[in-house]
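Below is one structure; the comments refer to it alone.
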Amino acid sequence: MRAAVLAVWITLLLSAAVAAVFGPAGADSAPPPAAAPAPVVPATSVPGDAHPIGIAIPSIRVASSLVPLGLNADGSVQVPPIETPRQAGWYDGGPGAGEVGPFVVLGHVDSYTEAGVFYGLRDLRTGDRIQVKRRDRSQVTYLVDRIERFPKDKFPTDAVYGDVPRPEIRLITCGGDFDKSRRSYEDNLIVFGHLA
């Protein structure tokens, strides 16, 4: 249940960040779907060697530091600031880089002024490498398994946040068509991968 609520909040916050850049939606725009806030739970402690500090995806020329993203006071998941759309962040309430479970990284596809850090995710291919640098200066490498697009109202919560028996990665950004009336992308683009 917690994972479902977090997924809804992530989707809503990424949409809100884009809306903030493009201005408030018109009076005839539908409000975003309501969701109960996730309970405020302390983030799991990530061992020093698993604490991620940077991400690189050579095939699409991505390089970004990683900022930790926790929960806001209202229980919603934080997102990287839209003012710095080339910044990626990792959800620090889940597994760290190289740990068993889904390591979740979020980034913007774009802003009003420029392409975001995850603009090129749609160009990834099966087998492409995702490199994550950790605080202890070690690096873990993940391989892309698949890239899928989901309507925001059908976010695959269990596939993204559910327990898995090995270290995996999820990269999440907006995708699909941009709905001008709602000032939001209609879909989420999600990259699934596993530790090499």
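If you count by mature numbering (1 follows the signal peptide of the UniProt record, and there is no 0), then the sequence shown holds residues -27 to -1, 1 to 169, one letter each, in order.
All residues carry an ideal CB built from backbone N, CA and C; glycine is no exception.
Computed from a prediction, not measured in an experiment: that's the story for all the values here.
Terminal residues of the continuous beta strand (DSSP E) containing residue i?
{"i": "ASP150", "result": "140 to 152"}
{"i": "THR114", "result": "112 to 124"}
{"i": "ASP65", "result": "Run containing ASP65: none; DSSP gives neither H nor E here."}
{"i": "TYR158", "result": "157 to 168"}
{"i": "VAL40", "result": "35 to 42"}
So residue i packs on residue j, CB below 8 angstroms; how close in whole Å?
{"i": "GLY166", "j": "GLU141", "result": "6 angstroms"}
{"i": "GLY80", "j": "ILE33", "result": "Contact doesn't hold; Cβ gap of about 12 angstroms is too wide."}
{"i": "LEU39", "j": "PRO25", "result": "5 angstroms"}
{"i": "ARG95", "j": "LEU162", "result": "6 angstroms"}
{"i": "VAL78", "j": "PRO138", "result": "Not confirmed; about 20 angstroms, so no contact."}
With the cut-off set at 7 angstroms, would you say residue i and residue j are in Cβ contact?
{"i": "VAL90", "j": "ARG59", "result": "yes"}
{"i": "LEU144", "j": "VAL164", "result": "yes"}
{"i": "ILE103", "j": "ILE30", "result": "yes"}
Could you tell me if residue i is buried or exposed, where buried requires 16 or more neighbouring beta carbons within 10 angstroms of its beta carbon?
{"i": "ALA(-1)", "result": "Its pLDDT being 30, under 50, ALA(-1) is placed unreliably in this model, and the value from its coordinates should be taken loosely. That one is exposed."}
{"i": "THR86", "result": "exposed"}
{"i": "ARG107", "result": "buried"}
{"i": "ALA9", "result": "Note on ALA9: pLDDT 25, under 50, position unreliable in the model; the coordinate value appears next. Exposed is the call here."}
{"i": "ARG110", "result": "exposed"}
{"i": "ARG46", "result": "A small correction: the amino acid at residue 46 is Ala; Arg does not occupy that position in the sequence shown. By the neighbour-count rule (16 or more Cβ atoms within 10 Å), ALA46 is not buried but exposed."}
{"i": "LYS125", "result": "buried"}
{"i": "ASP131", "result": "exposed"}
{"i": "GLY66", "result": "buried"}
Sort the options by Cα distance to residue i and report the nearest one.
{"i": "GLY62", "options": "VAL82, VAL73 and ASP96", "result": "VAL82"}
{"i": "GLY135", "options": "PRO68, TYR158 and ARG98", "result": "PRO68"}
Span of the alpha helix (DSSP H) holding residue i?
{"i": "SER133", "result": "This sequence places Val at residue 133; Ser is not what is there. It spans 130 to 134 - the alpha helix (DSSP H) in which VAL133 sits, taken as one unbroken run."}
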